[in-house]
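Quick notes on the structure that follows.
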Amino acid sequence: MSTPSGLVVVDKPAGLTSHDVVGRLRRLLGTRKIGHAGTLDPMATGVLVLGVQRATRLLGHLALDTKAYDATIRLGVTTSTDDAEGEVTATADAGGVDEGQVRAGIAALTGPIEQVPSAVSAIKVNGKRAYQRVREGELVELAARPVTVSAFELDALRREGACTELDVRVECSSGTYIRALARDLGAGLGVGGHLTALRRTRVGPFRLDTARTLDELAEHPELTHTLEAAVAAAFRVRVADAEEATALSFGRPLTAVGIAGVYAVTDPAGRALALVSEVDDRAKPVLVLAPADGSSAPA
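First residue of the sequence shown: 212, per our numbering; consecutive thereafter.
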């Protein structure tokens, strides 16, 4: 029996890499054709979106441009990785940091900002991951990049001796580093800071309430979203008639209907046919999900 195509939204546990989760799911579902979108660090938990079979081709097109997190930041300690897994590089007395100053610092990091990613990020520098260069002893300096922090809210403040811990909620654009927010908040307050806990609660339209733990998936190895459900959750949908469905199956364009951006096309029964994008008067396929047998429909 072949493995169906679709998504599995996993509630990733701490201690595993995103690739580790892919390996577990490959064994559980009996297929190697699995990929993931939006890497999570080993220390982080929460939403990790994986594509299975044909849905692996969907991952690069999914509307995963916004993400949400619950995080804990410790002020008073700076680390080499901007999180709890790094070596302590500096300490300061942050036990008396004023809550008003904290809120002002958070406000300064909200909205469109220029953020320097952590040196141990997965960003490539001349073909090699930044974290690999750091491990090899190189001094890596990354350029600031524009990101958007649409929400950065303080939920709780605790005093821990010379440190102050903050529980925060963040909503941001893809490519935003939460540990860089922790670093920059601490630096702005003059006491340093790092991330001690991170839980991703949403990736695009996919939330924790639809996620499954690896233990749950071990008991019931199944998709959390069929291909059709994934497409419906992430894209605007246009319904094609029989003639249009046939054209799409061969990778041929449809007549444009005035929908901006990439959108999905289904048949009247709801079967996902393709993702298309309109150029002038044509809706051209960018991904054919239900190609005709033997067709050369674009991937």
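The C-beta atom is built at its ideal place from N, Cα and C for all residues, glycine as well.
Owing to the predicted nature of the structure, the values given are computational and were not obtained by experimental measurement.
The beta strand (DSSP E) that contains residue i, what's its start and end?
i       : result
Ala-501 : Careful: Ala-501 lies outside any beta strand (DSSP E) and carries neither H nor E.
Arg-413 : 404-414
Ser-488 : 483-490
His-247 : 245-248
Ala-475 : 474-477
Leu-259 : 256-263
Val-288 : 288-290
When every heavy atom of the ligand HEM is checked, does at least one fall within less than 6 Å of the C-beta of residue i?
i       : result
Leu-465 : For the ligand HEM, the structure offers nothing, since it holds no ligand at all.
In the DSSP assignment, find the alpha helix (DSSP H) that holds residue i and state where it starts and stops.
i       : result
Glu-427 : 425-430
Gln-312 : 310-319
Asp-395 : 389-399
Leu-240 : 229-240
So, under 8 Å CB-CB, residue i and residue j are touching, yes? Tell me the CB distance rounded to an integer number of Å.
i       : j       : result
Thr-321 : Val-360 : 5 Å
Ala-373 : Ala-305 : 6 Å
Thr-286 : Gly-397 : The question names Thr, but residue 286 in the sequence shown is Leu. That belief holds up - the Cβ atoms of Leu-286 and Gly-397 are roughly 5 Å apart, short of 8 Å.
Thr-290 : Thr-300 : 6 Å
Ala-456 : Asp-478 : 5 Å
Thr-466 : Asp-492 : 7 Å
Arg-410 : Tyr-280 : 7 Å
Arg-356 : Pro-328 : 7 Å
Ala-330 : Leu-353 : 7 Å
Per DSSP, what kind of secondary structure is residue i in: helix, strand or coil?
i       : result
Ser-216 : coil
Leu-353 : coil
Glu-296 : coil
Arg-449 : strand
Glu-433 : coil
Lys-278 : strand
Val-381 : strand
Val-442 : helix
Gly-183 : No statement about residue 183 is possible, as the shown extent of the chain runs from 212 to 510 and does not include it.
Gly-372 : coil
Ser-329 : coil
Arg-463 : coil
Asp-222 : strand
Asp-420 : helix
Ala-458 : helix
Answer yes or no: do residue i and residue j have a C-beta to C-beta separation smaller than 7 Å?
i       : j       : result
Thr-302 : Val-313 : no
Thr-437 : Gly-257 : no
Leu-406 : Arg-390 : yes
Ile-324 : Phe-363 : no
Arg-235 : Leu-425 : yes
Val-448 : Ala-422 : no
Lys-393 : Gly-404 : Just to set this straight, residue 393 is Ala in the shown sequence, not Lys. It is a contact, given that the beta carbons lie within the stated cut-off.
Gly-249 : Leu-273 : no
Val-487 : Ala-480 : no
Gly-246 : Gly-262 : yes
Please work out which residues of its chain come closer than 7 Å, Cβ to Cβ, to residue i, disregarding the five sequence neighbours upstream and downstream, and give them in chain order.
i       : result
Ala-441 : Gly-217, Leu-218, Ala-266, Leu-269
Leu-239 : Leu-428, Ala-429, Pro-432
Asp-309 : none
Thr-228 : Pro-253
Below 6 Å CB to CB, which residues in the same chain sit around residue i once its five sequence neighbours on both sides are set aside?
i       : result
Ser-506 : In this prediction, Ser-506 has a pLDDT of 45, which is less than 50 and means its spatial position is unreliable; what the coordinates show is noted afterwards. Answer for Ser-506: Phe-461, listed in chain order.
Glu-439 : Gly-481, Ala-483
Ala-295 : Thr-407
Near residue i, which residues of its chain fall below 8 Å by C-beta distance, leaving aside the five closest residues on each side in sequence?
i       : result
Ala-255 : Lys-223, Ala-225, Leu-409, Arg-410, Arg-411
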